[in-house]
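J.:
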Amino acid sequence: MSLLRSLERRLGAAFLVFLLLPSTAWALTVDQVRAMAAGESDSRAAAIAAAAASGDAAAPAFFQALLDGNVKVAGDKVFVVDGDKAKDAASGADTSLPEGAEDVVNSNRMRREIESAVAALRLLSPDPKQRALALKELKDQPDEGKLPLVEKAYQGETDPALKAQLGLLRAAILVSSSDKAKRLEAARLLSDSHEPTVKTLLLERLKPGVESDEEVRGQLQLALGKLESRLAWGERLGVVFTGVSLGSILLLVALGLAITYGLMGVINMAHGELMMIGAYATYVVQNLFRSWLPGAFDYYVLAAIPTSFLVAALVGAVLERSIIRWLYGRPLETLLATWGISLVLQQAVRSIFGAQNVPVENPRWLSGGVDVMSNLTLPFNRIAIVAFAAIVLAAVALLIARTRLGLFVRGVTQNRKMAACMGVNTARIDTYAFALGSGIAGLAGCALSQVGNVGPDLGQGYIVDSFMVVVLGGVGQLAGTVYAALGLGILNKLLEGWQGAVLAKIMVLVFIVVFIQKRPQGIFAMKGRSAEA
Amino acid sequence: MSAVVGGLSTGHPERSEGSRPGDAEILRFAQDDRRRGDGFLRRWTGVVIALAVVAVVVPVLNLVVPVDSALHLSDYAVQLVAKIMCYAIAALAMDLIWGYTGILSLGHGVFFALGGYAMGMYLMRQIGRDGNYQSDLPDFMVFLDWKTLPWHWSLSNSFAATLALVVLVPGLLAFVFGFFAFRSRIKGVYFSIITQAMTYATMLLFFRNETGFGGNNGFTDFKRILGTPIHTPSMRMTLFVLTGCVLIGFFLLARWLVGSKFGRVLQAIRDAESRVMFTGYDPLKYKLAIWVISAVMCGIAGALFVPQVGIINPGEMSPAASIEIAIWAAVGGRGTLIGPIVGAFFVNGAKSWFTQVFPEFWLYVLGAMFIAVTLFLPQGIVGLVRGPNGIVARLRGDARREEGGA
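Quick mapping for you: the protein sequence lines, in order, are chains P and Y. In terms of this note's numbering, the first sequence has 99 at position 99, counting the first letter as 1, and numbering is strictly consecutive. To convert a position in the second sequence, counted from 1, into this note's numbering, add 1000.
1. Mind listing the chain P neighbours of Y/Met1369? Cutoff is C-beta to C-beta under 9 Å, in chain order.
2. Looking at chain Y, which residues of the region 322-336 of chain P have a Cβ within less than 8 Å of any of its Cβ atoms?
3. Taking the beta carbon of Y/Ala1160 as the centre, do at least 16 other beta carbons fall within 10 Å, making it buried, or is it exposed?
4. For the region 1170-1200 of chain Y, which residues have a beta carbon sitting closer than 7 Å to at least one beta carbon of chain P?
5. Can you tell me where the alpha helix (DSSP H) holding Y/Pro1359 begins and where it ends?
6. What's the gap between the Cα of P/Arg109 and the Cα of P/Asp42?
7. Using the Cβ count rule (16 or more neighbours within 10 Å means buried), how would you classify P/Cys446?
8. Should P/Val454 and P/Val358 be called a contact, given that it needs their Cβ atoms to be closer than 8 Å?
9. If you measure beta-carbon to beta-carbon, which residues of the region 1205-1230 of chain Y are closer than 8 Å to chain P?
10. Hey, out of P/Ala270, P/Leu274, P/Leu302, whose CA is closest to P/Val285's CA?
11. Buried or exposed: Y/Asp1032, going by 16 or more other Cβ atoms within 10 Å of its Cβ?
12. What residues of chain P sit near Y/Pro1439, judged by a beta carbon separation below 8 Å?
13. Apart from the five residues just before and just after P/Gly100, which ones in its own chain have a Cβ nearer than 8 Å to its Cβ?
14. For a contact defined as C-beta to C-beta under 7 Å, what are the partners of Y/Pro1283 on chain B?
15. Are there three or more Cβ pairs, one per stretch, closer than 8 Å when the region 1177-1187 of chain Y is compared with the region 1304-1313 of chain Y?
16. Between the Cα of P/Gln521 and the Cα atoms of P/Glu137, P/Val510, P/Gly473, which residue gives the shortest distance?
17. By how many angstroms is the C-alpha of P/Gln130 removed from the C-alpha of P/Gln64?
18. Among residues of its own chain, excluding the 5 on either side of P/Ile385, which ones have a beta-carbon nearer than 6 Å to its beta-carbon?
19. Look at P/Lys87 and P/Asp94 and say whether their C-beta atoms are less than 8 Å apart.
20. Measuring straight from C-alpha to C-alpha, what distance separates Y/Lys1351 and Y/Trp1153?
21. Can you list the residues of chain Y that P/Lys493 reaches, using a CB-CB cut of under 7 Å?
22. DSSP three-state call for P/Val469: helix, strand or coil?
23. Looking at the C-beta of Y/Glu1273, does it have a partner C-beta in chain P at a distance below 8 Å?
24. What residue ranges within the region 444-510 of chain P form continuous beta strand (DSSP E) runs of no fewer than 3 residues, ordered along the chain?
25. With DSSP as the reference, label P/Lys518 as helix, strand or coil.
26. Look up Y/Ala1070 in the DSSP assignment and say whether it is helix, strand or coil.
27. Straight-line CA distance for P/Ala304 to P/Trp292?
28. Measure from the C-beta of P/Val318 to each C-beta in chain Y and report whether the shortest distance is under 8 Å.
29. Taking the alpha carbon of P/Leu123 as the reference point, which residue from P/Arg112, P/Asp103, P/Leu162 has its own alpha carbon closest?
30. Give me the chain P residues within the contact set of Y/Tyr1364, using Cβ-Cβ distance strictly less than 7 Å, ordered along the chain.
31. Using C-beta distances below 8 Å, list every residue in its chain close to Y/Asn1157, excluding the 5 sequence neighbours before and after it, in chain order.
32. Under 8 Å between C-beta atoms, does P/Phe515 make it to chain Y?
33. Indicate whether at least one CB of chain Y lies closer than 8 Å to the CB of P/Ile267.
34. Can you tell me the Cα-Cα spacing of P/Leu189 and P/Ala153, whole angstroms?
35. What's the C-alpha gap between P/Ala397 and P/Ile323?
36. So, for P/Glu157: in the same chain, excluding its five sequence neighbours on each side, which residues have a beta-carbon less than 7 Å away from its beta-carbon?
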């Protein structure tokens, strides 16, 4: 009862108590119900809007029944069906369904009308979460029919954040009111908005001939200016974030290459296919979790990460031992042989999993995103990849700089013969290093499976880009790889916003070719004699 | 010059380990016939036979011999061989730059496609008002609601201008690209990767409708060439003979180039570029020259390819298509002139057989070819036959031993 009392106080309208009674309280009139269920679309829409605006207690249940297709019409009478039972829609009394009752058919337009009416009614819900959700749905469609409801909700709203949003929605409706004072007030209010849709609305109102009053026009112009500068920040940050996100994907892809190519000098054209193997490993782990551990499905990614690393590393080790080992010192032949490997791996995946893309689902904690600004949502899966790339980078850097294996890898890279004289088993180090690079490719594939399609062609799309990263960053350097990956990612997205995706890609490639002219050794050239070798 | 080639041996700069062979050792056997001092007869018999086959035997077997005869050559076979001959020209071009100069290009598909597109533009204009929309503009432009021809189509109505474009466009692109790349001494794998980026970027560009080359679909549905219908047996045979003669012509050109002083310097660059520089040569000029020649050859191959196959689209510029040209040369035997031609026929013959009989296995076979050739057959099929341990050498050795025993 305390809930009801507080609401009563809040809403200041006694009949709203009535509204909050269980929805079985049928209070729609026979005429209203018939108008909503039968007749032309336009008149039905009007009736639905009117019912919603009245805030009728019985309306939500009836709308839901309409949406679920549980409403039937026979002559003048409208019935709500629930399994075998039927009720009279107006009185709510149990009756039997007459012969020849017809289903009410809802066009897509009707469904939209009903849904927005349901949302409008939810504005009055006692649950703030419900109200926030309803606002989110309604904010993009300010239309006059909802004004009474919005007004009512605005009066009663206690949550300050929600109240501000409701005020904006109200202003967006009022801006086309016939009363000049109201329009002026609305224009003033709208300058606090963050919504891209309000911008469209303002532009619409500012078109010649729409708003005739000079004072209101000036105010609208002002509001538009403020809104645009606010939105521009969101857009800029959005570009930077997608750039960083692409950059971190490139980084993951290029890190593996930085080891196999940068440190070992092996051109591995099958690198993309090792990524593909990592992505398919993720897919298999996902399916295993789905069939054997459905309860832990949300955590399959945690199992998929080591699996994809190990599978790709194993394939890499086998390739190194069987093929690449024999081609050291012949980079062009290595290139061709690894291209052959990539063809075989692709076709193998096609034979096993089919040529179609396979579905990899995000676990629940990776779907959705954080709303930073009204026009800037950062998806969790992208954020996770940025973090993941940072962790992998740190791990690789530590491995190379601090471990015994890393020491051997550096030693073999710098002077193979001398390392061998010191007792390093260079052949084994080659295998380990190649497996490590391949495993990181597998990790990249696992990460990619969370943001893109998983198919036999997955690796092809990234191979040119990732080689560009390595070439640009300079051989034998992890730092160069990082800068080049992030730089290329952001540059790509900036140009994309300006010139479209294809031209952006072409410009980036041209840029790299020109850059290589100036600095053939990449951003960070190896100094000393080893550079010319 | 032979002193430079023969006298100096290189350890591979990247990592020469023990007795692993570098390019120089692998290709040493494959020096040109001239140095072996074989006679005039041997140098020309093959060429004359090839010319006779192309210009007389095939036309007769296809056009004169009745269809039900066992000797009849089907239209399909003629078209397939014609297509492969175009590929063989591209492979020969690849061999000049890779096998003889040591520069692996992963972007030759671009030159091939550019030549093809130049010819395709002409063929599109030749359709005239016979297209689906009965407009003077090519169908795809009508579809895009364009009203006039874009500027880069202005020369496409003239056959002479088209022939010039077929040579100039790939040549110019190769010149500009090569000049900048070779000037800054981009070498080896770096160069290969940059050429791959070039072909990839161009492919993306040609995929766009706005570029004005028919986007995804490219050009197709050609009706006539030089005013005569393109789908008649006589036109098909004319193009076939023409392609064959061009192939033989380029083979002779390549043989002359490789045997000349110019060719010797190229091979010296392949074996030890810095030593060539120290001897006073400027490798830039030599590399740029052979790079442009090779690109132009590829462009001409593309121009011959399009009217016979009847379609050109950006797929020809995909990195995969370019890298396949390299494998034709490698399978046949790079550093020999007959090798790339043999390789183009072998690989593409296998491709057309496999894609008909076991389509799903073709990529396995192609991939295995890449691996097997690099691991076990660095000298290709020709090396298998003619190399130091090849069949011919073994047979001769056996014969000599028998003589000695007798």
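Backbone N, C-alpha and C fix where the C-beta goes; we use that ideal spot for every residue, glycine too.
T.: Put simply:
1. Gly340
2. Ile323, Trp326, Leu327, Tyr328, Gly329, Arg330, Pro331, Leu332, Glu333, Thr334, Leu335, Leu336
3. exposed
4. Phe1180, Ser1184, Arg1185, Ile1186, Gly1188, Val1189, Tyr1190, Ser1192, Ile1193, Ile1194, Gln1196, Ala1197, Tyr1200
5. Here Y/Pro1359 belongs to no alpha helix (DSSP H), and DSSP marks it neither H nor E.
6. Straight-line Cα distance between these residues: approximately 10 Å.
7. buried
8. yes
9. For the region 1205-1230 of chain Y, which is checked against every Cβ of chain P, the residues closer than 8 Å are Leu1205, Phe1207, Arg1208.
10. P/Leu302
11. In this prediction, Y/Asp1032 has a pLDDT of 45, which is less than 50 and means its spatial position is unreliable; what the coordinates show is noted afterwards. Y/Asp1032 is buried by the Cβ-count criterion.
12. Past the boundaries of the shown model lies residue 1439 of chain Y; chain Y is included only from 1001 to 1406, so the question cannot be answered.
13. Ala74
14. The question asks about chain B, but that chain is absent: this structure's protein chains are P and Y.
15. In short, these stretches do not touch, since the Cβ pair count stays below three.
16. Nearest C-alpha to P/Gln521: P/Gly473.
17. CA-CA distance, P/Gln64 to P/Gln130, rounds to 16 Å.
18. Ser248, Ala447
19. yes
20. 35 Å
21. Result: empty, since nearest Cβ-Cβ is about 16 Å, beyond 7 Å.
22. helix
23. no
24. none
25. helix
26. Residue state, collapsed to three classes: coil.
27. 15 Å
28. no
29. P/Leu162
30. Val344, Gln347
31. Tyr1122, Arg1125
32. no
33. yes
34. So the two alpha carbons sit approximately 17 Å from each other.
35. Rounded to whole angstroms, P/Ala397 to P/Ile323 spans 28 Å at the Cα level.
36. Lys163, Leu166
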